[in-house]
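>
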Amino acid sequence: MLTHAEETSLIFQASDMETVFTGIYNRYFTRVYNYVRYRVDDAGAVEDLTSEIFEKVFAGLKYYRPEKAPFSAWLFSIARHSVTDYYRRRARISLASLETSAELPCADSSPDGKVIADELQQHIHRALAALGEQEREIIALKFWSGLTNRDIAGVTGLRESNVGVILFRSMRRLRLVLESQGLSSSDGN
Amino acid sequence: MMETNKRDIFLKYLDQLLAGAEDIGPIEDAEISGLIDLVRAMLSAGQAIDTETREGLRERIMQNVLAGGAVVPFTGKTSRIAEDELDEDELQYVAVGLARPARGEVCPVCGSSYIRGKGKCPVCGL
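Those sequence lines, one after another, are chains A and B.
Plus 507 on top of the position in the first sequence (first one is 1) and you've got our numbering.
Plus 5 on top of the position in the second sequence (first one is 1) and you've got our numbering.
Here you go:
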């Protein structure tokens, strides 16, 4: 995890936009992609939203002020609102908000370990779909944004103590759902 | 073990794993151990994004970013539209003979649409 100073250096001291883009993309792609994937079931929408989030980040980069918030907090605020906007737009055009899509990310046909990881990821996403929206959001932020419980509380409007409670209980539920699917926690490890 | 204690222990281990620790020592409580196994599995599976997806998105985003094109919120379509072209909502208004609703501001930071209030975007606060 980058320190605040390292993040700022990455953004403001690179000589050209392509270098800035590459640095930020390499650093944050996995986290942003997984954050969106934990919150949105539609595989196609995951990619489009990830793209949208990075485009917004770069479009707004000149407005980012390090003294106001750490870069990761700023970035995930954009990510969070992008997902919220996505659900609002879908609600306006009367689509189901959390359909479980048959189009889960395709498993690569390479070595067994990768196939197992992809299958496990699919199980995890099916199980996440059984949780409530707030539970999914808290888990997604905790696992992929790099924010502390206190930061997550600030972003979501919850109390810090509530974040911990929701996280613990959500993970318990997630584990139970996976076990009901016939998968134990240690599968894939 | 009381739930509060279990929760605090689990959250402490979770923070360690998210910070990159691999060995967090022996875990006595069976439930916490099971939850930590789940955390490890989720983190491991989350790293397994196929290269094609990663690189494909990189190319797509970089082209859009460097071209400096208008960013249009995703509505299920992947094509871009010009800034002065009517979107789906506005077309519906026009189709039934109503004037299209006044466009609010688009925040230059997060891209969200909003009606300008007191200068700050109510979405990202910047």
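Beta carbons: idealized from backbone N, C-alpha and C, even for Gly.
Using CA coordinates, which residue listed in G653/A, Q629/A, V672/A is at the minimum distance from Q641/A?
V672/A
> What residue range is occupied by the uninterrupted alpha helix (DSSP H) comprising G567/A?
Per DSSP, G567/A is not a residue of any alpha helix (DSSP H), being assigned neither H nor E.
> Since Q688/A meets chain B, which of its residues come closer than 8 angstroms, beta carbon to beta carbon?
Correct list: empty, because the minimum Cβ distance to chain B is about 13 angstroms.
> In whole angstroms, what separates the C-alpha of R657/A from that of R544/A?
Taking the straight line joining both Cα atoms gives about 23 angstroms.
> Select from the region 40-58 of chain B all residues with a C-beta closer than 9 angstroms to any C-beta belonging to chain A, and list them in chain order.
Shown in chain order are the members of the region 40-58 of chain B whose Cβ falls below 9 angstroms from a Cβ of chain A: L40, I41, D42, L43, V44, R45, A46, M47, L48, S49, A50, G51, Q52, A53, I54, D55, T56, E57, T58.
> Got a sec: is the Cβ-Cβ distance from M7/B to anything in chain A below 7 angstroms?
no
> Between which two residues does the alpha helix (DSSP H) containing A8/B stretch?
The question names Ala, but residue 8/B is Glu in the sequence shown. 8-23 is the span of the alpha helix (DSSP H), which, as asked, contains E8/B.
> Thinking just about the alpha-carbon of each residue, which of T526/A, L685/A, E513/A is nearest to the one in H630/A?
L685/A
> At the 7 angstroms Cβ level, is N69/B part of the contact set with chain A, yes or no?
yes
> Do V44/B and L16/B come within 7 angstroms of each other at the CB atom, strictly closer than that value?
no
> Are G653/A and S579/A closer than 7 angstroms when you measure CB to CB?
yes
> Go ahead and pull the three-state DSSP assignment for A35/B.
Residue state for A35/B is assigned as helix, using DSSP reduced to three classes.
> Could you tell me which chain B residues have their CB closer than 7 angstroms to the CB of F528/A, listed as they occur along the chain?
Going along chain B in sequence order, the residues near F528/A (Cβ under 7 angstroms) are M67, V70.
> On the criterion of 16 or more Cβ atoms from any shown chain inside 10 Å, does N533/A qualify as buried, or is it exposed?
Classification of N533/A: exposed, given that the 10 Å Cβ count is below 16.
> At the level of alpha carbons, what is the spacing between G639/A and L683/A?
Computed Cα separation, rounded: 14 angstroms.
> Where do the ends of the alpha helix (DSSP H) carrying I506/A lie?
What is shown of chain A runs 508 to 696, which leaves residue 506/A out entirely.
> Using three-state DSSP, classify D50/B as helix, strand or coil.
Before going further, note that residue 50/B is Ala rather than Asp in the sequence given. In the structure shown, A50/B sits in a helix (DSSP, three-state: H, G or I).
> Which two residues bound the contiguous alpha helix (DSSP H) that contains I659/A?
Looking at the DSSP string, the run of the alpha helix (DSSP H) that includes I659/A is 656-663.
> Alpha carbons only, please: which of A660/A, L674/A, S677/A, V547/A is nearest the one belonging to R595/A?
V547/A
> Determine the contact status of V70/B and F565/A, defining contact as a CB-CB distance below 7 angstroms.
Taking the C-beta atoms as reference points, F565/A is found nearer than 7 angstroms to V70/B.
> For G689/A, name the three-state secondary structure that DSSP assigns.
Residue state, collapsed to three classes: coil.
> Using a Cβ-Cβ distance cut-off of 7 angstroms, determine whether N669/A contacts chain B.
It does not; no Cβ of chain B falls within 7 angstroms.
> Among G689/A, L556/A, G551/A, which has the Cα closest to the Cα of F536/A?
L556/A
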